[in-house]
Structures are given as C-alpha cells and as structure tokens.
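First to last, the protein sequences are chains A, B and C. Sequential numbering from 1124 applies to the first sequence in our numbering. Sequential numbering from 1364 applies to the second sequence in our numbering. Sequential numbering from 16 applies to the third sequence in our numbering. Backbone N, C-alpha and C define an ideal beta-carbon position, used for all residues, glycine too. The structure appears below as structure tokens.
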Amino acid sequence: MSDFIAWRFLLFAAAFGLLVYFQFYLGHRQWNRLKGEQAGEIDVNYVRTENYMAQSFRMKVKDWLQLPVSEDREFGPVIMKGRERIRTLPGMDMADHATCDDILVLEQNFSCGQGCSLTREVLVHGNSNIGSESRLQSMAADGDLMLGEKVTVARWVDSSGELTLSAGCHVGSRVTSLTRIRLAVGVEIPSASAPQIVTAAWDSKLPGDDPGPRELLEIAFPDGSEAVEESLAAAKLNAKRFVQLGGDTWLYKGHVRPPVPVRLRRKLAVAEDCYFPGGSVLEFDVKAGGSIFLGPSCVVRGNLVADGHVFLGPGCRFSGLVHAGKTLLLSRGTRGFRPDGMVAVYAGEDLSLETDVALKGKIASGARAVVIDAAAAQAWRDQRRIQDDGSPVDQVYTS
Amino acid sequence: MTVIVRLQKPWFPVLRQRPHRPTMRRSFIYPHRSIRSIQAGTGKLVLAALTVIALTAAIAVFQQPLLLVHNQLCLALLQLSGIPITGVAPVELFAPFGAAPVPVVAVQEIGNHPLALWTMFSAATLVLLELHRRVPFARSFLVFLMTLLTMAAGILIFHPASQFGSTEFAAMWLRSELLVWLVLPWFSASMFVLIEPTPLFGVAWAILTQIYGFAWSAIRLAFCIAAMHYSGILFAPIFWFALGFLADVIYLVVFYSVALQWAARHSWGKRTQ
Amino acid sequence: MLVVILIAKICLVFSVVVLTLYAVRHYVFAMSRLFLKHPREWMEFTGFMLPRTTVLVAMHNEETVAADVLQALVECDYDWEKLEILAIDDRSSDRTGAIIDEFAAKYPVIKAVHRESGEGGKGGALQFATPLATGEVLLLFDADYFPGRAMIKQLVAPFCDPQIGAVMGRVVPHNTGRTLLTELLSMERAAGYQVGQQARYNMGLTPQFGGTVGGVRATALRAVGGWNPESLTEDTDLTFRLVVRGWKVAYANRAECYEEVPETWEVRRRQIARWATGHTDCLHRLQSSVIHSNALSFFGKVDALFVLGCYLTAPVLVLGWLASLVLFFSPQAHYVPALTIALTFAGYQMFGNQATFYELGVAALLDGAARRVLLMPLNLFNFFASTGAICRALFRYYAGKLSGSGGQGWQKTRRYRENGNGKGFANGHGAPPGLYSQGANGIYTCRTTHV
Chain A
1124 MSDFIAWRFL LFAAAFGLLV YFQFYLGHRQ WNRLKGEQAG EIDVNYVRTE
1174 NYMAQSFRMK VKDWLQLPVS EDREFGPVIM KGRERIRTLP GMDMADHATC
1224 DDILVLEQNF SCGQGCSLTR EVLVHGNSNI GSESRLQSMA ADGDLMLGEK
1274 VTVARWVDSS GELTLSAGCH VGSRVTSLTR IRLAVGVEIP SASAPQIVTA
1324 AWDSKLPGDD PGPRELLEIA FPDGSEAVEE SLAAAKLNAK RFVQLGGDTW
1374 LYKGHVRPPV PVRLRRKLAV AEDCYFPGGS VLEFDVKAGG SIFLGPSCVV
1424 RGNLVADGHV FLGPGCRFSG LVHAGKTLLL SRGTRGFRPD GMVAVYAGED
1474 LSLETDVALK GKIASGARAV VIDAAAAQAW RDQRRIQDDG SPVDQVYTS
Chain B
1364 MTVIVRLQKP WFPVLRQRPH RPTMRRSFIY PHRSIRSIQA GTGKLVLAAL
1414 TVIALTAAIA VFQQPLLLVH NQLCLALLQL SGIPITGVAP VELFAPFGAA
1464 PVPVVAVQEI GNHPLALWTM FSAATLVLLE LHRRVPFARS FLVFLMTLLT
1514 MAAGILIFHP ASQFGSTEFA AMWLRSELLV WLVLPWFSAS MFVLIEPTPL
1564 FGVAWAILTQ IYGFAWSAIR LAFCIAAMHY SGILFAPIFW FALGFLADVI
1614 YLVVFYSVAL QWAARHSWGK RTQ
Chain C
16 MLVVILIAKI CLVFSVVVLT LYAVRHYVFA MSRLFLKHPR EWMEFTGFML
66 PRTTVLVAMH NEETVAADVL QALVECDYDW EKLEILAIDD RSSDRTGAII
116 DEFAAKYPVI KAVHRESGEG GKGGALQFAT PLATGEVLLL FDADYFPGRA
166 MIKQLVAPFC DPQIGAVMGR VVPHNTGRTL LTELLSMERA AGYQVGQQAR
216 YNMGLTPQFG GTVGGVRATA LRAVGGWNPE SLTEDTDLTF RLVVRGWKVA
266 YANRAECYEE VPETWEVRRR QIARWATGHT DCLHRLQSSV IHSNALSFFG
316 KVDALFVLGC YLTAPVLVLG WLASLVLFFS PQAHYVPALT IALTFAGYQM
366 FGNQATFYEL GVAALLDGAA RRVLLMPLNL FNFFASTGAI CRALFRYYAG
416 KLSGSGGQGW QKTRRYRENG NGKGFANGHG APPGLYSQGA NGIYTCRTTH
466 V
C-alpha cells in the first residue's frame, strides 16, 4: 500500500537526485579547482634553435656554478645540486672502464679510455676525446669533440669545434656543431645540424660553380601549341594530364619518367612517381605523391618533396629542402649547399647517407639517420627496385 | 693541470648497503604533444579482444541471472520507497534472449484525471521555466525537457489510449539497456584497454564500468517506475530520453574521463604535462 | 496514424544512418590520431623555409586588442627583409586606425591599410588588402590572437611542398579559466585540432584552413579567384575552392597560437550560428564542385562533404529525437530501443562542436591535460546549447533562402580583454637578451656562454 504522503518516495527521489549529481560531481569539483587559472600550454617565447639542449645546459651550468661549494672527502670541492654532485676540474683523463656519476665541468681538455661510463652531463671547455665503446649521457665541448668507435650517447652531443663520430656511434638525440660534423660508416643518429655535415671519405671539396650549360630537354607546359606537345611527347609526358594549379605551378596526373635528362623550369607536383635521368636540372620545387628518384649528377635548385621515398643518385647537388615521407638515400658524392642559407633533409623513416656526402645544414629523420656503406646502399636500391642511376629496374633509358 | 682518475673495485666483500648507481638520465624523452602517439602492441590488442569476448560472453551466458538480479534490485528499491508492488511479470526482450522478470506496479492513469494532469504539468513547467531563467548554460537542455513534457501532455490529452503501464515501460527499458550492456565491451576495449599505459588497469576499468552500468540501470528503472506510479506517463518521455539513454552516455563519459585522467598523468612523464 | 508512424520510422532510420556515419568517421579519426605516427612532418624545416611573407591582420573596431597582436608580430623572429605586416583598419569607428598608424610609424615592417568603405566583413577586408601584399605566402591572424615568436616560421615551413596551397596551425584558448564555457571550448578546440585536423591530414584528407593562424600561397589564392567577401566563412570557402582545383591544405600541429574564446553562452551561440550558416552555405555552393572535382579522391570527396555538412547533423539529430518520441508512444516500441540506442550513441556523443566525446578524450590524453579531462561530462550542456543554436541558425538560413530575404550578416565576435592584459601571453620582452643570435640563414643558434 502506498504512503498517504509519499515521503519515502521523496527520500528516494532526493537520493536519486544526489546520484544523478554525482555523475557531474567530479566535473563540478574540477571546475572549481580550475576556475581563474590562466592557460600555460604554449611558450610564446619559444624560438627553434638547433642546439637548444646544449646551450640550455651551458646556461644552467653557469647558474649551478654560483651555488655554494662544499668539501667532499673523496672528491674535494664539489657543488651539490640536490643529490647530484657537480665537480669543476681543470681537466680529466679517465682510464679504461672507469665510471663517473657526477656532472663534470672541465676547464681544459677531457679524455677517457675504452669502455667508460659517464652517467651525467659533461661540459668541456677544451677538446674532448671519448674512447671506444664508452657510454655517455650528454656532452658539450667548446673545442673539438671526438667520439670513438661504438660510443653510445644517451642524449645529445654538441661542440663549438669539429665533432667526429667514429664508426658505429649511436646518439639518442641531436648532434650539433658550430663548425663541422663528421660521420663515419655505421653511425646512427636522429638528427644533426652544422655548417658542414660530412660523411666518411669526403673529398673535402665543396661544390663549385655550376658546371655550365647542359644539353637538356626542356619540359614545356601545355599551351595548346604543337611544338609543346611534341616536346612533351619526347619527355614521355601526356599534355592532357597536366593541370595548371596556379601561375607557376603545375600538376601532372601520372608518373614522370622522361627517357633523357631534362630541365624543369616550373614548380611541378606529380601524382605518382618521378624518375629523372642523370644530369637533369630541376630549377624549382618538385613534389611527388609517390617517390622521387634522381639519377647521377642531377642538380636541384628548388625543394624536393615526396610522400614516398627519395633517392639522390651519385654526385647530385641540391640547394633546397628535401623531404621524404618514407625513406631517403643520399648517394655518394651528393652535395647540399646554398651560399645564402642552409639546406635541410628529412625522412619520415630512415635517412641513409653513403660515404662522401656533404651538406651545409641539417639532417633529420623520424626514425634514424644512418651512414651506410656501398653494400647497404645497393640493398636499399634493390628493395625499391631501382638501378644505380635511379631508373626503375623495369625500364632502361636509351640515350 | 690534468687530473687522472683511476677507479678500482674494492677487493673485499662490502657488508653494507650497496650505494645507488645512477643510470643514464632520461634515456627517452616524450615528444612534443603535437607529434605524440601511443603504441597498440600485439599484447594490448589481444587483451582488448579477449576483454570484448569475455564480457560479451558473460552477458550472453549469464543474462538470465543478471536480469533476475536486476529485477530484485529494482524490487528492493521500490519497496524501500513505499511503492506497492502488484507482482512480477515476465516480458519478452529479444528472441535470442528470452523473457525477463520485471516489477508490476500500478501506474496512475493520469490521462483520465485532467486536474491532476494539469497540476503536475503546470508545476513541472514552472520549475523548468524557472531553471531556464536562472541557469543560462542549461537553457537548451531545459528546452529539450520541456519539449518532451509537452509532447507527453499532448498525447495524454489527445490520445489517452496511448497510456501504458510499468510493464511496458520496463520492457522497453530492459531491451535498450541490454543492448547498451552488449555494446559497452566494444567501447571499453578500445577506449580503456588500448589507451591505458597499464592494460590490466584498462581491463579492470572495463569490468567496473559494466558492473556500474548494470547497477545504475536498476536504480534508474526503479525511480522511473516509482515516479510513474504517481504521475503516469506524463514524465515517461523524460525518463526514457534523459534518464535512459542520455544517462547511459553520461556515465560512460564519466568513466572515460576518469580513465583518461589516469592515462594522461602516466603516459608522458611529468615534464610534458 | 500508421502513416505518421511510418514517417517517424523513416526519419529515425535516416537520422541513425547519417549520425552513425559521422560517428564512425570520428572514431576512425580518433583511433588513427592516437595510434599512428604522422606521415608528414614539417617542423624540422622550421627556419629553413623562408619565403617572402605577408601577414594580414584585419581589424574592425579592435582598439582593445590591436596593440597586442601587432606587438607580438613585431617580435616574431622572422627576418624583416622577408616580412611585411599589413594591418588593415576595416572601417573602424574607434581608435583602431590610430593604433595601427602608430605601429606603422614605429616599425617599418608594418604597413597600415585603411579601408573606408565597402561590403563584407573579414572577407571584404582581405580582398581589399591582398593586392597590396608582396609576399609569396600570406599569413592571416585575427586581432585577438597571440602569435608566438616562432609562429611565422612554423606556418611557412610546409610551403616547401609546391602543391600546398594553404596551411593551418593550431589554436589554443588562453582564457580557459574565465568561465565554465571557456574550459569546455578549450576541450572542443583541442579535439578539433589535435585529433580532427591532424587525423584528416595524416589520412590524406583535407584539413580545414581556418582563416586565422594559417596561411595561403599567393599564387594559389589568385588561381582560385581570391577571397569571397560574401561568405560568412571565407576560410571554409577558400579551403574547398583550393582543393577542388588540386591544391592541398597542410596542418601544422606544432604551430600553436593562443586565441580568445567566447566567455558567455550568448556570444558563443552567435559564433556557432555564424559558423553553421557559413558552412552550410558553402555546402550548397560548393557541393557540385566537390563531387565533380578530378583532384579529389573518392574518400576525399566523401570527407569534404562530411565537413561541409557537419552542422546539418544537429537538425538531423533533432529530427531523430522527434521521430523517436512519436514511436515511443506507438505500439511499435519494440523497434525503438535498437534504433534509439543507435541514435544515442551516434548522436549524443557529439559532445563537442562536431567533435565526439572520445575525440575530446583522445585530445586530452595526447595533450597530457589530465586536469581538464574530468570536465567532459559537463560538456553535455554545451552540446545541447550548440544543437539548439545550430538548429535556430539553420532554420533562419533556410527560411531566408526560401523567402529571398537574405541570411545572417557578418557579426564580429566580442573581445573580452584589453591591450596589455594578456601579459602572460603576449611576447613582452621575448627571450633573454644575448642568448639567441640569428644567422644570415634566419636560423637561430644559441651563442655559447663561454668567453
């Protein structure tokens, strides 16, 4: 029998109302906590600097050195930063297999033998020489920095002088230098930035002036005339597949595989793959929805962008940006220089560099940048079914 | 001056607490939020699949005992709130699932009592209008409720034959809730198990969500039936749309938000938050 | 009665199908954003791609915020040899023009542009000023934004791809703690950009150029006929005119910029009403071009239509509700649960502004926004408010089209702060002096502190 005044139901309704409110309680409580707070998600003063981590560390060391010095029985004068020790020394020479767990600041040179382990950052105001198979946290050197074979760096390395990574070195984060970075075969790094980045067997030559005019087939763009159509046919291009995107930019809906070296004087976006024979000159930007393969000694004055792979054949020269959505190979003899700025090369996956590659600027990858030998480069080409000259395996160019 | 450091291991066993050797600092840096993603490894995918299968199978296999418990919880709450229960009737849900017991409660045929109808309708409308005036951020939601209320009143006035009882309401409720319980594991697998840094936490959360959904359904149904005992079907659309499906989505969002809060705290490291 | 029930069923099925398609689409976006890596990453080229750039800031009665945005742009680290800032005084009746003139007199990189007459809102102002621009790339900022020092370099980096016609950055509300609405909108924005835009870009679909914190290539703009001053959403209009021609739109998730979101529900309703009307108008004008475009793939076209029609989901949802309500009282109630639950999970999950609740959550997870994510259930009220506002706006729009009386005119969104009050966000003095040096290539490197 129901109550005359439904007081039990009203109690139930009140309790039910509380349960409904409980669904929103956490949100309501959180709103009360967040009320009045200002957003701090973005650092508006952020400016991208390639050697940020190293310079940030240098700045911090400057601050840390202002902290009070205490006397340690074992190590002498030290600075305690929380539980960590900072030691300032004139120089240091560590023996083989030695370990050090302190942050080191060295006024002069530093060297360590084989198999050492430095678990904290090191700042060297002089030159630094790291023995093979050693492990470092990070290192900044104001002079030259040499990493021996198979040295592993957990984070970054930076030098104001020349930075050399010997065979088999692995660095976990950025490699930067204000002078030059030398990369031996087997080096694996995520990115590097320097006025000169060179791989093993670099011939010390910077790209000279333009080698001069070449006999090239000039790719003309459709304007309805027969001459242009003939020219396009010679380049194995179909005039009907061209779409003018804008004043200076064209889209080609298909592959671009000219049988002879060409000169391209417009910005071109290609829906599929591009194979440019050796000696071609690309004056402006080229984009491929597939992959881009350049034969030997091509010259690229614009940017190269591909959603797939990018291959620069031996002796290619580029002076812009190269972006590969997947992998990228810079063959031996590739040069990337620009007199009034820097070049940059990026691969979404692995970025491979053969020997005798030099560029002024930056290399970066979504996975790793690795210096490979000729055999590995051949394997790279085989996997993508292209020949040494960048042409597809199933097509032979006739001169 | 160069300091030469030679470190030697002690030649005797050291019977003291081993000093802590620090490892490399921060060998992995969480990327900037603009490029973050998480890995759904094979293990997690398998665990997610198993979660779906297990929970769905549990509901399918134990649906009769579950519905029985659901009904008992409902009955208990109705009795506590002083609602006279006429009996328990079986209702057909869906063909593969058979019948489920539901409470039978006398429902006010408010369509046949115009005074009561208009009184309740006016009172409810005034409350909603007052809330509409005072709570700007809830205005559209209140308009939604007013629409439901007006529609119900209109049906009662112009088509009183459309009135139904608690059994029909409970049948509709259980049909929809059963579907919710079957859909939940799929959501839980992708949103809890795959996202949580600790997959087992995701599994536990999925199970907790399922249990909560079940219990909360019984409580809501009890309230709705109890209210219908007094008000007939005047508020039934509100119960159905707002306390029914919308409440299901709400609790799902609440559980999701709590799970994500835990995941966001533990996925990227302190410095990236 | 049977006819009514039949119509109700058809409406409900239609609603469920449409909303389920949207739900699946958003689910795919959320999952792909969460688990897949970006195939296109341009941020490593920040500072290496340095085209001549014009920044356009259109201002109509923006005296409260004009100085902040101009100061922020002046402090950007872009080489002034390659930069010009066109500050457009668009028929202002307050001190906006005077403020612009003061900045132009002080900084040679800023050029004052005064528009004394003309039609159209922002689109008209941009159309007026664009012929004066000399840059290869035109960047746009609204007056209430706070571009960071690296913003210009981050936004121009994707233009190294010659097919990119426009770039969009990410907007982040800064006035999040002012009201509950601003917190909820902050979550919505995060979902829309961190998940929606990025997922579409990753999947080769079209992220939307938003008309601010974004840029367009000058040649691409000319190729598609420039700005459309008659559109309420000239950004959406331009996006799809570009892509149907063959240009692509890039999304730069790293290029984050603070913005100001509405702090009251009334302002929010007006804003979303404009977006809904503008989007839907774009749908009607551009749907044929999208469908017949040779430049878009099948899925690209489908997604484009989904984007253009996204605000129609609100009236579709309401239609589904009303149909469910009719069926609720009919003897056909047996079918109601299956369809209504589908409607629920498809429709009610639209907790954000065209962002589902799982997108809100995924965005919060990726951002590490552990504190904000608990507010998600409160978005229910925002959802209802948005649905109501969109339905009213679209009703007015279609009523206007039928009666030929014209639609909603341009309405400026209200600003809440005054110059200098955004001190926490404006660049102020920038980086500590002496730390950064800019090389001839425009790249900043840190000077060593070693002497």
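If we ignore side chains and look at the alpha-carbon of each, how far apart do GLY439 of chain C and ALA384 of chain C end up? Caution is warranted here: a pLDDT of 40 is assigned to GLY439 of chain C, below 50, making its placement in the model unreliable, and the coordinate value is therefore given only provisionally. Rounded to the nearest angstrom, the two C-alpha atoms are 20 Å apart.
Counting only the same chain and skipping the five closest in sequence on each side, list residues whose C-beta sits under 8 Å from that of ALA148 of chain C. If we look at ALA148 of chain C and ignore the five residues flanking it on each side, its Cβ neighbours are THR69, LEU71, GLU99, LEU101 and ALA233.
Roughly how many whole angstroms lie between the Cα atoms of ARG1131 of chain A and ALA1138 of chain A? 10 Å
Rounded C-beta distance between LEU409 of chain C and THR295 of chain C? I'm assuming under 8 Å. 6 Å
I'd like the list of long-range same chain contacts for SER246 of chain C, defined as Cβ closer than 7 Å, with 5 residues on each side in sequence excluded. GLY138, ASP252, GLY293, ASP296 and CYS297.
Whole alpha helix (DSSP H) runs in the region 292-340 of chain C with 4 or more residues, listed along the chain? 313-323
Are three or more beta carbon pairs between the region 1282-1297 of chain A and the region 1465-1474 of chain A nearer than 8 Å? No, they do not touch.
Is it the case that the Cβ atoms of ILE1415 of chain A and ALA1392 of chain A are separated by a distance below 8 Å? no
Please report the straight-line C-alpha distance between ASP104 of chain C and ARG130 of chain C, rounded to a whole angstrom. 6 Å
DSSP-derived helix/strand/coil call for LYS168 of chain C: helix
Anyone know if the C-beta pair for VAL526 of chain C and ASN190 of chain C falls short of 8 Å? Outside the displayed span of chain C (16 to 466) sits residue 526 of chain C, for which this structure offers no information.
Spatial distance of PHE1355 of chain B from GLY180 of chain C (CA atoms): Examination of residue 1355 of chain B is not possible in this model, given that chain B is present from 1364 through 1636 alone.
Hey, quick one: how far does the beta strand (DSSP E) through SER1282 of chain A stretch, first residue to last? 1280-1282
Helix, strand or coil for GLN1367 of chain A, going by three-state DSSP, please let me know. If DSSP states are grouped into helix, strand and coil, GLN1367 of chain A belongs with the strands.
How is the beta strand (DSSP E) around TRP1373 of chain A delimited, first residue to last? 1372-1375
Within the region 1564-1630 of chain B, ranges of the alpha helix (DSSP H) (whole runs, at least 4 residues): 1610-1630
Since PHE60 of chain C meets chain A, which of its residues come closer than 8 Å, beta carbon to beta carbon? LEU1444, HIS1446, ALA1467 and TYR1469
By Cβ distance below 8 Å, which residues in the same chain neighbour PHE1407 of chain A in space, the five residues on each side in sequence not counted? ASP1371, LEU1387, ARG1388, ARG1389, LYS1390, LEU1391, ARG1424 and GLY1425
Interface partners of PHE372 of chain C on chain B, CB under 9 Å: VAL1612, LEU1615, VAL1616, TYR1619 and SER1620
Do you know how far the Cα of GLU274 of chain C is from the Cα of ASN436 of chain C? Unreliable placement is indicated for ASN436 of chain C, whose pLDDT of 47 sits below 50; the coordinate value is still reported in the next sentence. The alpha-carbon atoms of ASN436 of chain C and GLU274 of chain C are separated by roughly 14 Å.
Taking CB distances under 8 Å as the criterion, tell me whether ASP105 of chain C reaches chain A. Chain A contact via Cβ: absent.
Since ALA338 of chain C contacts THR402 of chain C with CB under 8 Å, what's their CB separation in whole angstroms? Not a contact, Cβ separation roughly 16 Å.
Paired residues, beta bridge with ASP1195 of chain A - DSSP: Paired residue(s): A:GLY1199.
Mind checking the region 268-291 of chain C against chain B and listing, in chain order, the residues whose C-beta falls within less than 7 Å of any C-beta there? Flagged, chain order: ASN268, ARG269 and TRP280.
Span separating the alpha-carbon of MET16 of chain C from that of LEU1511 of chain B: Those two C-alpha atoms are separated by around 20 Å.
Answer with yes or no whether the minimum CB distance from GLN1146 of chain A to chain B is below 8 Å. yes
If we ignore side chains and look at the alpha-carbon of each, how far apart do VAL210 of chain C and VAL1228 of chain A end up? Between VAL210 of chain C and VAL1228 of chain A, the C-alpha separation is close to 44 Å.
Taking 8 Å as the threshold (beta carbon to beta carbon), is THR1242 of chain A in contact with chain B? Put simply, the CB of THR1242 of chain A is near chain B, with a gap under 8 Å to one of its CB atoms.
Looking at the C-beta of ALA1589 of chain B, does it have a partner C-beta in chain C at a distance below 8 Å? Residue contact check for ALA1589 of chain B against chain C: no CB pair falls below 8 Å.
Under 8 Å by Cβ, that's how I've got GLU281 of chain C and LEU196 of chain C pegged, so tell me the actual separation to the nearest angstrom. Their Cβ separation, rounded to whole angstroms, is 10 Å, which puts GLU281 of chain C and LEU196 of chain C out of contact at 8 Å.
Quick check on the DSSP output: the alpha helix (DSSP H) that includes TYR373 of chain C runs from which residue to which? 372-382 is the span of the alpha helix (DSSP H), which, as asked, contains TYR373 of chain C.
From the DSSP output, which residues share a beta bridge with ASN1252 of chain A? A:SER1234 and A:MET1269
Cβ of LEU1623 of chain B within 8 Å of any chain A Cβ: no
Range covered by the beta strand (DSSP E) that runs through TYR266 of chain C: 263-274
Kindly say whether PRO1548 of chain B, judged by its beta-carbon, lies nearer than 8 Å to any beta-carbon of chain C. no
Work out the CA separation of LYS1183 of chain A and GLY445 of chain C for me, nearest whole Å. Below a pLDDT of 50, predicted positions are generally treated as unreliable, and GLY445 of chain C, at 34, falls in that range; the measurement from the model is reported next regardless. Between GLY445 of chain C and LYS1183 of chain A, the C-alpha separation is close to 19 Å.
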